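Okay, so here's the structure we're looking at.
There are 2 protein chains.
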Amino acid sequence: MKIDKSLMTGSTTLMVLSLLSRKEMYGYQMITELARRSDHTFELKEGTLYPILHTLEADGLVTVREKEAETGRVRKYYRITRKGLKVLEEKKVEWNTFTEKVNAVVCGTSPA
Amino acid sequence: MKIDKSLMTGSTTLMVLSLLSRKEMYGYQMITELARRSDHTFELKEGTLYPILHTLEADGLVTVREKEAETGRVRKYYRITRKGLKVLEEKKVEWNTFTEKVNAVVCGTSPA
DNA sequence: TTGACAAACCTCGGTCATCTATGTATATTA
DNA sequence: TAATATACATAGATGACCGAGGTTTGTCAA
């Protein structure tokens with residue numbers, strides 16, 4: 261199913277950091293991996309991801325290193341930092357709170 | 261806790277329609293009701309809500325009628341239409357899919 | 001009675017996240 | 001050798017939400 265893009269807003273960084281918390285990855289790989297893990301619900305555009313990665317790096321949440329692939333191509337591998345892990349944990353809590361509260365409103369668990 | 265506003269994007273209309281699916285309400289009331297039901301996680305601004313209500317009306321998802329309150333003030337009560345209920349159901353499905361897929365990525369339920 | 005405040009509505013301009021479109025370069029495959 | 005996939009990048013457009021301002025009406029205390 262197609263998801264309204266506006267829902268994505270704000271959760272992209274959470275997902276990117278989540279991916280990186282498992283292993284270092286390069287940009288293009290994150291896009292395909294994100295699509296795979298979400299059953300192609302999220303098909304992040306390059307124009308979205310690369311600026312995000314640059315921002316994360318500038319904020320010290322990830323580091324980059326260039327590494328030559330078996331193919332001979334040079335890729336930029338991103339690795340999450342300690343600070344990045346901390347931010348990730350915060351964002352996870354924020355995400356859980358957010359969804360919980362939306363569900364409270366939508367499902368009407370609170371009295372009328 | 262404070263939630264990053266960007267997360268809100270896209271879920272606001274879902275929540276507004278959800279509120280209206282229970283009973284007709286006026287704008288100001290929706291703001292206080294939304295805050296109450298979400299434990300003040302969502303404090304929707306008037307500058308956000310009123311334009312949304314106008315759009316919903318233009319799209320035929322809600323209807324408006326003016327009604328005098330006990331206080332003597334005239335309020336604009338919004339009522340969800342059949343079309344609005346249909347859209348609401350669609351948005352609920354979309355919301356559930358969205359959160360499910362984000363969790364799949366974040367919690368890593370899918371193989372590495 | 002007047003001044004402050006809450007209720008109730010509204011709009012304009014800005015911000016920020018994401019997308020579209022485009023560009024570059026290299027490796028693979030037809 | 002031409003097309004396609006890989007891999008990175010940026011500039012401008014879009015769109016949701018907010019901030020800041022404004023208006024009117026009712027209530028309540030000084």
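Chains H and F supply the protein sequences, listed in that same order. Position one of the first sequence corresponds to residue 261 (the numbering used here), numbered consecutively onward. Position one of the second sequence corresponds to residue 261 (the numbering used here), numbered consecutively onward. The C-beta atom is built at its ideal place from N, Cα and C for all residues, glycine as well. Computed from a predicted model, the values in this text were never measured in an experiment.
Minimum Cβ-Cβ distance from V362 of chain F to chain H less than 7 Å:
With 7 Å as the cut-off, V362 of chain F counts as an interface residue toward chain H.
Could you work out which residues of chain H lie near E354 of chain F, taking near to mean beta carbons separated by less than 8 Å?
Those within 8 Å of E354 of chain F in chain H are M261, I263, D264, L267.
Take every Cβ of the region 294 to 307 of chain F, pair it with every Cβ of the region 315 to 331 of chain F, and state whether three or more of those distances are shorter than 8 Å.
Touching, no, given that fewer than three Cβ pairs across the two stretches are closer than 8 Å.
Simplified DSSP state of K352 of chain H, which is helix, strand or coil
Residue state, collapsed to three classes: helix.
If T308 of chain F and T272 of chain F are in contact, beta carbons under 8 Å, what's the gap, nearest whole angstrom?
In this structure T308 of chain F is in contact with T272 of chain F, their Cβ atoms being roughly 7 Å apart against a cut-off of 8 Å.
G344 of chain F and L277 of chain F - do their beta-carbons sit closer together than 7 Å?
Yes; because the gap between Cβ atoms is below 7 Å, this pair is in contact.
For I263 of chain F, which residues in the same chain have their Cβ closer than 7 Å to its Cβ, ignoring the five residues on either side in sequence?
T301.
Of all the residues that make up the region 270 to 288 of chain H, which are near chain F by a beta-carbon distance shorter than 8 Å?
Correct list: G270, S271, L274, M275, S278, L279, R282, K283.
Taking only beta carbons into account, state which residues of the region 301 to 330 of chain H come closer than 7 Å to chain F, listed in chain order.
Hits within the stretch, in order: T301, F302.
Can you name the residues of chain H whose CB is closer than 7 Å to the CB of T359 of chain F?
Simply T359.
Mind checking whether Y337 of chain F and L280 of chain F have CB atoms under 7 Å apart?
Contact: no.
Closer than 7 Å by beta-carbon distance: list the chain H residues that pair up with L294 of chain F, in chain order.
Going along chain H in sequence order, the residues near L294 of chain F (Cβ under 7 Å) are V365.
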